Every structure is written in C-alpha cells, then in structure tokens.
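Report on the following structure.
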C-alpha cells in the first residue's frame, strides 16, 4: 500500500500552497483557543437543534434519539482550479446518468448496444417496470444527485480524485454543508476576511429554481412541497431546514391525498393542489397502493397521478437502477455512449462478483480489497479487507459465495487525510467529499459540498451513522 | 397552511401556556405553604392543586401521601405525569420541532433552549433547592416564548393558530384556578360553592399516550373558613356557623382568619399577576366577588376569561374558512356572554356551576377548531 496523501501537507511535511494562509493563522492561536471554539460550536448546534436521529438509539439520559453530528473545526480546502475540473466532471457524469435512466425506461439503446448487460438492469430490484414509457417533465430523473468523491494517493505521492459512489435517489447531507459554513463564519470571522472562500448559501435558491423548472408543463406557478417521513427520520432536520429555506410546505404522507389523478394537500383553507414533490421518502414507501402496502409514509394514488403527468416527483421513481454499485462500473462507458466524450472523472477500478473471473480474483485477494453489497448504503455490510480479522474475512467469504451477484469489490484506496481536531490534538483523519448536483433546465451546483471525516484513527468509514463527522469545505479562489 | 402544521402550532402554544399556568399554581401554593397554618390546611392546598389538574387519582396511585415536596416533584419533573411541567415543555418542544420550518429561528430556538435548560435544571436538582426561582423561570420562559412569537412572526395563519392555542388554554386554566380557589374558601358557605360536586370534566388534550380524563374530585371536604369574605359575599353571612373546616379549626385562633383570607386572596391574585391590578382597578380591600369579577369579566385584565375569549374570537376571524361558521358563532357567543355578563348574576347561579359550564363550552370550541381547521381529535 502506498503511503497516504494529506490535503494539507506534502510527504515532506511542507504545507501545501492552498493551506498556507490557514496554517499561518492556526499557529498563531493560543492552545486553548480551538477547544473553546469547539465547545461553543457544540452549544450552538444543540440550541439550533441541528441533530441527527439514530434509529432505536437513546441519548445519555435515555431520552429520544437525537444526536449531534460531530463537527470539525479545521476546514477542508480545495483550490479553485481543482474544483473546476471536478465541477465539469460532475456535470458530465450526472448528465450521462440521467440520459441512462431515461434510456432504460424507454428505448433501451444502451442495452441493445450491449454496453450494459440487459439482465443487470432489467433484473435489478431497483428497476421499476411501472416507469416504463412514462414521460417525466424535462426528461430529467435525478434532479438532486450526491456524488461521493475521494482522493487517493498515487505511488509518486500525488493524489487523484475518484468517484466512489453515485447517490441518485434521496441523497442527504446538504444542510450540514450549509450549517457548517454558517458555524465557521460565526466562530472564525477573521478567517473569511483573509481568505476568498466561494460562498454556498445560495443552494436553497438553486434547489427551488430546479424544482420549479421541472413542474408539469401546464402549470404556471407551481406549488412545490418537501415530503418527509416525519420527525423521527434521521434526516428530519434537513427536510425542515430546506423547506424553511425555500419557503415551501413540509408535508407528510398523511397531509396528501389524490383525487382524479391530481395530488392535493390538506390545508386550513381546504385542499390545495401540489405540483412538485421534493420527496425524501424512498420509492418503496411512496404509494401504498402501488408499492409497499404497509407504508404509512406515502400517499395512495400518487403513482397514478405521477404517471398521468399531473405531478412531478423529485427525484423520479426508479433512479436507483443507475446508482447501484454494479451499474457504477459502467458509468464511464455511459458517458462515452450518450455524450461522445471522455469521462473527466475517474471511477475506482471495480470487480463485479457476478463475473466468474472477477469473483475468482476477489476471493483470492479478500484481505486487500474492500467488498461492498451492491444495494448497501450507510457503510453497512461491507468488508474492509486490510482492517479485518481472519475470522471476519472467512465469514464474509461464506456470505459472498452464497450470492456473488450481491457484491462488488474495489482496491482499498488510501483515502486522503485532512488535519482534524481530535482529543489528542490535531491529527490526520480520512475524508471524502459529497458535492450536490442539481439538474433541471440546466445542471448547477454550489462550489464544494459536504466533507465527511472518519474520526476514528485509521478508519475509512465516514458515514455519520457510524461515527463520522463533517467539516466545512472551502473552494479557495487564488 | 397545512392542517397538520396548524395543529402542531396550536398545541405548541397550548402546552407552553399550560406549563406557565402550572408553574403559577404551584408557586401560589408554595407561597401559601410558608404562612403559619395547620398541616391539614397546607395539605388541602396541595390537594386542590391536584384536583384542578384532574390528577388526584393518578397521584394517589403512585405517591399516596400528599406532601409539598412530593407534589412539587410530581407536577414539575415527573415524566410519567402527562401534566407535569416537564411533559408540557417537552410536548411544546416536540410540536415546535415538527414544524420548526414554520416558526422563525428565534421562536424555535427559544422553545428548544427552554427544553434543554429545563433538563439541566432537573439534573442538577435546582427545583428542590429553590422551587420559587424555578417557577419564576418557567413563567419567564413562557413570557419569552410569547414575546418572541409576537415580536418576530409574520402575522399570518401560523401566528393566529398559535394565539388561539395560547388563549384557549389560558381561558381553561384561569377558570380552573378560580374554581378551585373559590371552592377551597367557600365550599361550605352557600354562595360561591353552590353546586360543587363531582362533576366530570374532560381536560382537552392531545399528543399524549395517556389521555388525562379524570373526574374532578369533590372538593367540598377541603373547606376553609371565609370570615372576611362573608361580609361582602351575598350569601355567606348565614353560614358562619358552618365555616370551621376540619383541618383548620385546631390550628389557628379565630382572630387570624381575616388575615389568613387576605393572604389567600392575595395569593390567588398574584398567581395570575393581578394583585396590583386589583388595587388599581378597585382601590379597595380584597373582596372575593370583586376578585371573581376581575378574573372573569374584566376584558382589560390579560388573564381573565373575557380577555382570553376576546383574543380567541378575533384570531378565529382571521383564519375563518368555509366550514367554520358554527365554531365562530359559538366562540362569539361565549365572548358576548362575558362581555355583557354581570358578576352578581353569575354568583346567583353559583360560581362553580358557571365555571363548569364555561369549561364545557371552551372544550367544545377547542374540539370544533380541531374539526374545522386542524387534525380532528378522536372522540
């Protein structure tokens, strides 16, 4: 394994150009300063109620299940020229993915061309036959995409960005991106006057513009709502936050009903028609009459209204077919197929365990690979070979052999690290980056995204459900 | 606005108001308990407080003996008591959290901060050390919550439903307070206490697993003499001979009763911040029927029934919809009854009977508001 890539310092411990201003500032701060600021941040987060709910978990007093996501004070800095490459690559990738989803539910050109195996798409549990031939407004499916990007060290000590995962269903985390920035500006105003940090606060504006732009064409002034599973959902804070920032209603399934294939919400002044639903509820729970009958989170008849073109769901139903980890391997080919362009962002090399050759390789190299479930999320159900015991590897092998199609494998990347304020002081911790890409009439994004950090020393798992934290992300203009 | 959103706002305001009024009632009892009096009299004060909240049976089941510190703890921090200040503050905060996007940041943070600080106060047991300061704190947080609402919220439907919630709850709470306090003093004199008995009343409630629907216990036994009151109360003079309450008789020599009653009525007035107001309005000694008039009929007294109903009606007009006609009519009628009512008429029919009917009407209006605008309450 190659030695790591640190975002702040070169292998020779020299501070990289884009971190010099910050480093100078940091060395001037008295020792207790950062600790005081961190405590202050925690108090503010509690008061503001920026919390994250863990299913079934209780807090220290056994009350409720609201937790704070640990917030790290040291920003992750990306120079503007690097971001510019990422930005173009992200727009390209998401455009191709949207074309792919449209294609899969219409002419299936890419399947007939043999570029993506048809059975892998049509036999996928995330493929929704209900969506076949359905026209969605603007032909766009994933209006909000969260693309996970990592930087890994190369043998020569340089680092390269890779796309780790596409999240095309209901990606979350954008509220933390916005709140982290607000917090940093509150705690360290002097840093923002001495650095040219690209602002991100206009995200809700772009989101609302995107949602309005994909309303059913006949609607002039669309009513847009956010659909949440409710206050016990882990991302409830974000749902409430975004609806407030956009000035639109936050609805639950029980607030909606369908009449004559139109969707309405129950208001104090009687029923009001709804044109665009930014839904933060998974496909399976959207409509008990079409999908899971036991769902109380959705609204009966929604699929019908949607298929009739009377309401826009954002994201569309059935986008999961394109963010499956086994479909991921084909994204570079999609970009070439639909756009005739070379991919600007690299994929992590991926072995598909459904292929006999790949499976054989994976079984031989379990101790050095990361193996993931195709449908897994949140960092659950994965094997990090180098960090696992012999027994864990042996157990995983059994599961893998039982159903190889469920798994893919990738090399264990030496994820880049970023200095992080932990109990012992400032120490490097592994990070990733999730930019949020908005697709309506055009593709837009705010500079940067959410940086997640694995707070445990040596850990590669950044998910907040598993003890990850977040950082403010600075796109620094030169 | 979403019906569910309006519902959460309505209940958020109600629970905050209820927390405040509970603190007020506890405070007045606590202050009274520091006066020289018998153990029986002190106990009957705490019993009355449990009765007002329809918690007598629940308390007896879990705690048995009525003592000041136990009742305070039960009414302040007991998580199993759905009417405790803790439960009210938590319910207010949970309702706020469900619609935090509809509230201004300041309103939400105030509500959230109240809950967080309250938990800290319970942990550090500061309630036990200084109950009076803690009750003040609850009142203060409620003032803050109301002030930040009025000071920062757009005056749209959200605002009106918050206001309706506050005033409907306050109307209910003030009526209960008057009822129990007058019964305590007057129960065995005929005037005010007429009709006092085990009338079953339903405390209107929501978002709780166990509905608080307990009968009000008969409070006639908790009698306390009313010597001072009798001079001015229309029907009390005949009942001097009956006025020795069982717990009271042994404790205080007859000569201190005038004094005691002054403190009693002063405490009632103070519990609704009306002591100075009484002086300002009547420029007279404390007389029970004037206290009743002030707390029931004076529209310029912000915690009176008349003031509360007036606010309920004017806010209801702002949100009226196609099906709310009958609800507005009922509320308007109750408002008019208070506006044109006279205290001697009310006392002639019996204060307890009057307040019982008032609570029923307020309750019916609450149910109708839920039906017309909010999420209907299960029958």
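Chains as they are written, first to last, in the working numbering: chain A, 13 to 490; chain B, 3 to 381. From the three backbone atoms N, C-alpha and C, an ideal C-beta is built for every residue, glycine too. Since we're looking at a predicted model, the values are computed, not measured.
Asked, Found
"Are the region 277-295 of chain A and the region 224-241 of chain A touching, with three or more C-beta to C-beta distances below 8 Å?", "yes"
"Could I get the ranges of all uninterrupted alpha helix (DSSP H) runs contained in the region 111-138 of chain B, with 4 residues as the minimum, in chain order?", "128-131"
"Applying a beta-carbon distance threshold of less than 7 Å, which residues of chain B neighbour residue 262/A?", "103"
"With a threshold of 16 other CB atoms inside 10 Å of the CB of residue 278/B, please say whether the residue is buried or exposed.", "exposed"
"Could you work out which residues of chain B lie near residue 252/A, taking near to mean beta carbons separated by less than 7 Å?", "102, 103"
"What are the boundary residues of the beta strand (DSSP E) that residue 487/A is part of?", "480-488"
"Which residues in chain B have a C-beta closer than 8 Å to the C-beta of residue 266/A? List them in chain order.", "6"
"Ends of the alpha helix (DSSP H) at residue 253/A?", "248-258"
"Bridge partners for residue 422/A per DSSP, in chain order?", "382/A"
"Distance cutoff 9 Å, beta carbons only. Does residue 77/B sit that close to anything in chain A?", "no"
"Does chain A have any CB closer than 9 Å to the CB of residue 330/B?", "no"
"Can the beta-carbon of residue 5/B be found closer than 9 Å to that of residue 278/A?", "yes"
"Taking only beta-carbon atoms, is residue 384/B less than 9 Å away from chain A?", "In the structure displayed, chain B extends from 3 to 381; residue 384/B sits before or after that span and is not available."
"Spatial neighbours of residue 317/B within its chain, please: CB distance less than 6 Å, with the 5 preceding and 5 following residues excluded, ordered by chain position.", "162, 165, 166"
"Interface residues of chain A around residue 3/B at Cβ under 9 Å?", "261, 279, 280, 281"
"I'd like the span of the alpha helix (DSSP H) that includes residue 14/B, first residue to last.", "5-34"
"What residues from chain B crowd round residue 224/A, counting only those whose CB sits closer than 8 Å?", "Near residue 224/A there are no residues of chain B at all, since even the closest Cβ is about 18 Å away, more than 8 Å."
"What is the rounded straight-line gap between the Cα of residue 394/A and the Cα of residue 424/A?", "12 Å"
"Can you list, in chain order, the stretches of the beta strand (DSSP E) that have 3 or more residues and sit fully within the region 272-325 of chain A?", "274-279, 282-285, 288-291"
"State yes or no: is the beta carbon of residue 148/B nearer than 9 Å to at least one beta carbon in chain A?", "no"
"How many angstroms separate the CA atom of residue 49/A from the CA atom of residue 335/B?", "58 Å"
"Answer yes or no: does any C-beta atom of chain B fall closer than 9 Å to that of residue 60/A?", "yes"
"Evaluate residue 98/A with the Cβ neighbour count: other Cβ atoms within 10 Å of its Cβ, from every protein chain shown; 16 or more gives buried, anything less gives exposed.", "buried"
"Rounded to a whole number of angstroms, what is the C-alpha to C-alpha distance between residue 245/A and residue 62/A?", "13 Å"
"Counting only beta-carbon atoms, is residue 256/A nearer than 9 Å to chain B?", "yes"
"With distance defined between alpha-carbon atoms, name the residue in 235/A, 334/A, 210/A, 449/A nearest to residue 323/A.", "235/A"
"Quick check on residue 115/B - is its C-beta less than 9 Å from some C-beta in chain A?", "yes"
"By Cβ distance, which residues of its chain are closer than 7 Å to residue 91/B, with the 5 residues on each side in sequence left out?", "21, 116, 117, 120"
"On the three-state DSSP scale, how would you describe residue 409/A?", "helix"
"Three Cβ pairs or more, each shorter than 8 Å: is that satisfied between the region 107-115 of chain A and the region 148-167 of chain A?", "yes"
"Less than 9 Å between CB atoms is the rule here; does residue 185/A satisfy it with respect to chain B?", "no"
"Secondary structure at residue 21/A, three-state DSSP: helix, strand or coil?", "strand"
"Hey, does residue 336/B have any beta-carbon neighbour from chain A nearer than 9 Å?", "no"
"For residue 463/A, name the three-state secondary structure that DSSP assigns.", "strand"
"By Cβ distance below 6 Å, which residues in the same chain neighbour residue 17/B in space, the five residues on each side in sequence not counted?", "90, 93, 94"
"For residue 19/B, which option in 282/B, 53/B, 276/B, 144/B has the closest C-alpha, if you only look at C-alpha atoms?", "144/B"
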